[in-house]
Each structure stands twice: as structure tokens, then as C-alpha cells.
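Quick note, the sequence shown lines up with residues 1 to 352 if you use the UniProt record's numbering. Using N, Cα and C, we set each Cβ at its ideal position, and we do this for glycine too. This structure is a prediction, so every number in the text was calculated from the model and none was measured.
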Amino acid sequence: MAERANIGILGASGYTGSELLRLLLRHPRIDIALLTADRRAGQTMRDVFPQFSPYALPRLVAIDDLDWPSTGVDLVFCALPHGTTQTVIDALLTAAPHVKVVDLSADFRLFDADAYARWYGHAHRAEALQREAVYGLVEVYREKIKGARLVANPGCYTTCAQLPLLPLIRAGAIAVDEIVIDAKSGVTGAGRAAKEANLFTEVSEGFHAYGVGHHRHMAELDQEFSKAAGRPVVPTFTPHLVPMNRGILSTIYVRGSAGQGAEELHAILVDAYADEPFVHVLPFGEMPQTRHVRGSNMTFIGVAKDRVAGRAIIGSALDNLAKGASGQAVQNMNLMLGYPETLGLEQVALFP
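Listed below in C-alpha cells is the structure:
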């Protein structure tokens, strides 16, 4: 374990890149050595995000101008769009195989090459690295992450759904063929690139579903739920866009198995997360709110009875830019570098 580490952020001009920088600036054992943003190359971070004006930071550079061995980085966060990320990381690790990588895109989350091609429309361009990558859901894969060179940070929707459901699936406590996930996300989940559908007048004063029946996060849910169950699991999942900046709220409907009621499901989750620093199970009957996790690395989970006997309603809330992306990525970084897992992530949610 190094006393300090030099860190790079690829794609620092996006929302997840800026969130990474916000968190890392307060990390006591990190030095920011490299920031990239191809369209903003030559500019400073204060030109892109004025909140960083007080801090001395490297100037933004283009990825193609980098000589990886001379950068001196120990770990790189990759906050680039899926598809292009796999070729960038392949080139990086070929030139500098000692560097560790936390990838925030979807490029290395699926371990099956055929599944990747089916969901993303092309063959994976770095299959050897796809096989090497470790899925970065810390509460499940903590020990594997500690020894990994390449970690695939989970998606925001999938993190919000997996944390409450995986312990129940592993315990055989719910009917896995009846899982319904109704999820809502803030607009930052769509990224910072200009898109007509994300204009204020297009998004405000409205609420709509999208990716209905074929959202790419379904592949991630299928993979992890099936692995936990030991057989194929295909949940119903529908995402919605809500006119707020940050946050994800998932309302999940399940049926208990073998006589398991809502109280028993709640007890399983309380036990599963009793020692986890970033997952909090609320008292039985209480539901989480996105405002209570905003800006933090926390996930709040609640369980309540349904009026239908044998069914339960589970609520899960997290900040899509923090525990759903950059906060979880820093959590992964801490494990990969041998630092305390909570280092730099202790901030309490910002409310109101």
C-alpha cells in the first residue's frame, strides 16, 4: 500500500468526472495528476466547472496526446461513454500494465461476450480484459476487488436494485420470477452532453418512462440476479425520468417464498447490512427518500407490507452520481489501493 497515490480522471468534464474530482479533493491520500477532456483540451477545470476555481489542478488534456508510461499515475478512473472506453483502456493497460483502472462505463460489466454483443450491438473490442474485469459492487465482491487491476463500476439503477434484492435472492426468501422494479432517476443520469430531450422545457413539469422493455441495465440485473439464484432470473424493470438533478428511487415488488413475510425479508436485510458503512436499512415500514441521501455515498433501504398477503414492497434510494457512480468508484479505488474503504466518503447527505 502506497502512502499516497497519483490519480487520473478520463472524462473529467462530465458529471461523473466532476463528482469524482469533488470527492477526491478531500481525500487525504490522493494527488490529482491527470485530467482529460478531449473537447475541452487546453482549458482548466474552472473553465468547465467554476466550483473548482480555488484549487490548483492539472490542465485538461486530450487522451490521444498522452504517453501513459510518463504520466506517473497509479490508478485511473475512466468516465467515458461506453463503446469507446474499451479501446482506451486496452491501449492504456498495454502501454502501462501496472496502472489500476476503475471504469464507470458499461463496457466491462457483462462477463459474457455474447450478452455484450446482443445488448450493445457490436462485439467487445477487448475480450481478454472483459474476462479479467471484476464487477465492482463492493458489498458483494469486496475481496475480489482488493486484488483487481480492472474494476467495472456498476450502473446506478442496478446498484439501487441489487443492494436490496441480492441478499433476499441468495437466502431463497423471494420468488425470483415475480420481481418488479419500478425505478426513477434524476436528469444527471443521462450525462452532460447536450440533448434535446433533456432541455428544461422537455423535462420539467413531467414524468415519463423510457427504455421500456429493453433498457441496457437489464442485462446487468439478469447477470447478477441469475448468479445469486443459481438459475436464470429475468426481472421486470422499468426506468423513469424525474425532473430533479440527482437521485434514484426504486420501488420494488416481491413475493416471499416458503412463508417469508415482509417482516422476515426486513430482518434478512438488517442482518446482511449490519456492518456495511454505506447501506442503511430503515426501521420496518419506513420508506427511503432521495433527499436523505443526496450528495452522500449512502443507500437507504426500506421494507413494508403489501396489502396482498405474502407480498412486500421494498424501497431503495441513492444518489446516482455518488453511490450510483463516482462515490462507489472511490470506494472501489480505496479497496484496490489498500486504503480504508470509507476514506474520503464520510460526508453526510446534504439536506435541505
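DSSP places Y157 inside the alpha helix (DSSP H), whose first and last residues are 156-170. Using a 10 angstroms sphere on the CB of Q260, the tally of other CB atoms reaches 16 or more, which defines it as buried. Taken in chain order, the complete alpha helix (DSSP H) segments of 4 or more residues contained in the region 234-302 are 262-272. In the DSSP assignment, V48 falls within the alpha helix (DSSP H) that extends over 45-48. The closest CA to that of N245, considering only A329, R294, D74, is found on R294.
If you draw a straight line from the Cα of F49 to the Cα of A171, it is about 45 Å long. Take the alpha-carbon of V61 and the one of G302: they are about 44 Å apart. For L129, there is no enclosing beta strand (DSSP E); the enclosing alpha helix (DSSP H) covers residues 127-132. With fewer than three CB-CB distances shorter than 8 Å, the region 214-228 does not count as touching the region 142-150. Measuring C-alpha to C-alpha distances from P28 to each of E346, L350, P352, F351 identifies E346 as the nearest. Here the alpha carbons of G14 and P81 stand approximately 10 Å from one another. In the DSSP assignment, L92 forms no beta bridge with any residue. Exposed is the label assigned to Q51, since fewer than 16 other Cβ atoms lie within 10 Å of its Cβ. A residue is called buried when at least 16 other Cβ atoms come within 10 angstroms of its Cβ; D275 does not meet this threshold and is exposed. A contact between stretches requires three or more CB pairs, one per stretch, nearer than 8 Å, and the region 245-255 meets this requirement with the region 173-182. Take P164, set aside five residues on each side of it, and the residues of its chain with a beta-carbon closer than 6 Å to its own are I301, I314, S316, in chain order. S296 and E263 have their C-alpha atoms some 28 Å from each other. Of the residues L265, K323, P340, G285, the one whose Cα lies closest to the Cα of G310 is L265. For H217, the secondary structure class from DSSP, reduced to helix, strand or coil, is helix.
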